[in-house]
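Have a look at the structure below before the remarks.
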Amino acid sequence: MARTAALQQLDQSHHLHPFTDHTEMHAQGTHIMVGGNGVFVQDERGRQYLDGLSGLWCVNVGYGRTEIIDAVAAQLRQLAFYPSFFQTTTEPAIRLAERLAKIAPPRLNRTIFCNSGSEANESALKIIRAYWKLRDQPQRTKILSRMYSYHGVTLATASMSGGPEYCLPFDLPLPGFIQVPGPYAYGADQESDPARYGKWCLEETARTIEREGAETIAAIFIEPVQGPGGVIVPPEGHLAELRALCRAREILFVADEVVTGFGRLGAWFASNRWSLDPDLMTLAKGLTSGYLPLGATMVSDEIADVLCRSGIFAHGFTAAGHPASCAAALANIELLDNGLNVRARADLGPHFQQRLQGLAQHPAVAEVRGLYLMGALELVPRGGKAELSSTSQLGTRAATIAREKGLIVRGIRNSIALAPPLTTTYAEMDELFAMLRQTLDALWE
Ligand SMILES: Cc1ncc(COP(=O)(O)O)c(C=O)c1O
Numbered sequence: 002m003a004r005t006a007a008l009q010q011l012d013q014s015h016h017l018h019p020f021t022d023h024t025e026m027h028a029q030g031t032h033i034m035v036g037g038n039g040v041f042v043q044d045e046r047g048r049q050y051l052d053g054l055s056g057l058w059c060v061n062v063g064y065g066r067t068e069i070i071d072a073v074a075a076q077l078r079q080l081a082f083y084p085s086f087f088q089t090t091t092e093p094a095i096r097l098a099e100r101l102a103k104i105a106p107p108r109l110n111r112t113i114f115c116n117s118g119s120e121a122n123e124s125a126l127k128i129i130r131a132y133w134k135l136r137d138q139p140q141r142t143k144i145l146s147r148m149y150s151y152h153g154v155t156l157a158t159a160s161m162s163g164g165p166e167y168c169l170p171f172d173l174p175l176p177g178f179i180q181v182p183g184p185y186a187y188g189a190d191q192e193s194d195p196a197r198y199g200k201w202c203l204e205e206t207a208r209t210i211e212r213e214g215a216e217t218i219a220a221i222f223i224e225p226v227q228g229p230g231g232v233i234v235p236p237e238g239h240l241a242e243l244r245a246l247c248r249a250r251e252i253l254f255v256a257d258e259v260v261t262g263f264g265r266l267g268a269w270f271a272s273n274r275w276s277l278d279p280d281l282m283t284l285a286k287g288l289t290s291g292y293l294p295l296g297a298t299m300v301s302d303e304i305a306d307v308l309c310r311s312g313i314f315a316h317g318f319t320a321a322g323h324p325a326s327c328a329a330a331l332a333n334i335e336l337l338d339n340g341l342n343v344r345a346r347a348d349l350g351p352h353f354q355q356r357l358q359g360l361a362q363h364p365a366v367a368e369v370r371g372l373y374l375m376g377a378l379e380l381v382p383r384g385g386k387a388e389l390s391s392t393s394q395l396g397t398r399a400a401t402i403a404r405e406k407g408l409i410v411r412g413i414r415n416s417i418a419l420a421p422p423l424t425t426t427y428a429e430m431d432e433l434f435a436m437l438r439q440t441l442d443a444l445w446e
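Here's what the structure looks like:
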């Protein structure tokens, strides 16, 4: 315990955390994790937690996979680092780019690497700006994104994420970033008819495009299922209609698959599943199952051809295509290909959704949402939804209770989100749902 206290003190003195209220954290002491195996992580005090969020929507193949660890160690021994700048690269980067082209939607055959989801989207934004200039349409600079989306935290990607928490402290959004409604029917009190609300969102998007002038809009960014926004699942056919609307106006369509990729929705990518045919696709998280940082921006043949003909493309990060990260991704993709993706689609994903629906009648639950291995519960107090205010944070409260019980979930406003590893066994699912039910009971007491 003395060791934990000493580490917490050092953390408080020297370490600034992302997305953290430091005063609150210092008051209770930082929670320090030290180990992971399968779907479980252990903290400094030796307590074990079932990780219902796969780290941060990323540890798709579970913790402690020797196949990835060995591949990374072998690569580090052979060549710890070499960049992909200035006409050089390494074999793992080449092999990974080829592998991604094989599993991505047909027109996406070229990849530029980076280190995170934010960087993948930032790279996409710069590629899009360069592309339209090269296509003699430099006026196409505006970017559309949807409300409740999350695309990252750089100045530009926070502007796309758009929520007040990402923008107000930093004097954002930057000019030219425009939000259209996303299909969060429950948030708009339209849960009795999500399809109708989805239709209204599309009509509103079309109106925004007309108002702004389609010829000034460069691209729209969408998460196929909005994860950090609260696991918002679009109505049937919604994204296909949005895709068609953008295609008709020559607006590039970018699928942010940072969370939805790599088996989480029972397919390599949601874009494949729903035939979205994106012009660009951005990846991170599940690309390496979080074992090492790696992001990727995939672009259509048409965009790649325009860029490749235009001299030096002066964009990229030192560690882009890091050989150890790419080796981790290749080993991770192999694991997913050897049965995990199929299991997520045909077995575990439907099982998880069925278990989640089993909580629909709990009095603390107002709505159950989800698809395959992403899920969320909207929570209500005893007085029902009408009693919720802008300051009620039932999600955070529930996540705290769950953690005390040994389950990690994510609190988002008045909901909790789950995204368990694709390796979770049925017995572990029993454990997860037992703790989740106890959490709801405790919240309701
Ligand atoms: C859909 C989506 N895009 C982008 C990002 C940003 O990724 P990163 O935190 O790696 O920058 C996230 C992170 O949660 C995300 O969920």
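Start counting the sequence shown at 2; every next residue gets the next number (my numbering). The beta carbon of each residue, even a glycine, is placed where N, CA and C say it ideally should be.
| Check | Outcome |
| --- | --- |
| CA nearest to the CA of I113, picked from P106, P107, K127 | K127 |
| For V226: DSSP bridge partner residues | V226 pairs with nothing; no bridge assigned. |
| R78: first and last residue of the uninterrupted alpha helix (DSSP H) it sits in | 67-79 |
| Y151 CB to nearest heavy atom of ligand 1 below 8 Å | yes |
| Boundaries of the beta strand (DSSP E) in which K143 is found, first to last residue | 143-147 |
| For T206 and P106, the rounded distance between their alpha carbons | 25 Å |
| Near ligand 1: S272 beta-carbon under 8 Å from a heavy atom | no |
| Assigned secondary structure, C115 (DSSP; H/G/I helix, E/B strand, else coil) | strand |
| Distance, R108 Cα to K278 Cα | One detail in the question is off: residue 278 reads as Asp in this sequence, not Lys. Straight-line Cα distance between these residues: approximately 7 Å. |
| Neighbour-count burial assignment, V232, 16 or more Cβ in a 10 Å radius | buried |
| Where D257 sits in the DSSP three-state scheme | strand |
| Segment contact flag, the segment 326-340 with the segment 68-76, C-beta cutoff 8 Å, min 3 pairs | yes |
| Residues of its chain near A347, where Cβ-Cβ distance is below 8 Å and the 5 sequence neighbours each way are ignored | G267 |
| Closest Cα partner of G199 within the set P184, Q138, R208, E303 | P184 |
| C-beta atoms of H323 and N116 nearer than 9 Å | yes |
| Complete runs of the beta strand (DSSP E) confined to the segment 359-413 [at least 3 residues] | 366-372, 375-380, 411-413 |
| C-beta contact flag for L341 and N61 at 9 Å | yes |
| Exposed unless 16 or more other CB atoms sit within 10 angstroms - verdict on L80 | exposed |
| Proximity below 9 Å, CB of L51 to CB of E432 | yes |
| Distance cut-off 8 Å: W58 Cβ against heavy atoms of ligand 3 | This structure does not include ligand 3; its bound ligands are ligand 1. |
| Reduced DSSP category for G36 - H, G, I as helix; E, B as strand; rest coil | strand |
| Cβ pair count under 8 Å reaching 3, the segment 410-424 against the segment 382-400 | yes |
| Cross-strand partners of I218 (DSSP beta bridge) | K143 |
| Three-pair Cβ contact test at 8 Å for the segment 213-231 versus the segment 178-194 | yes |
| Continuous beta strand (DSSP E) stretch holding Y50: start and end | 49-52 |
| Distance, I402 Cα to I304 Cα | 48 Å |
| Q180, enclosing beta strand (DSSP E) - first and last residue | 178-181 |
| Beta-carbon proximity check, Y337 vs W269, cutoff 9 Å | Just to set this straight, residue 337 is Leu in the shown sequence, not Tyr. Contact: yes. |
| N110 in three-state terms, based on DSSP | strand |
| K143 CB to nearest heavy atom of ligand 1 below 8 Å | no |
| Heavy atom of ligand 1 within 8 Å of N342 beta-carbon | no |
| Where T209 falls: helix, strand or coil (DSSP) | helix |
| Any non-hydrogen atom of ligand 1 closer than 8 Å to N333 Cβ | no |
| Identified DSSP bridge partners for V300 | R111, L281 |
| Candidates E429, G359, S326, of which the one nearest V73 by Cα | S326 |
| Beta-carbon proximity list for A196, same chain, < 8 Å, skipping 5 on both sides | P236, E237 |
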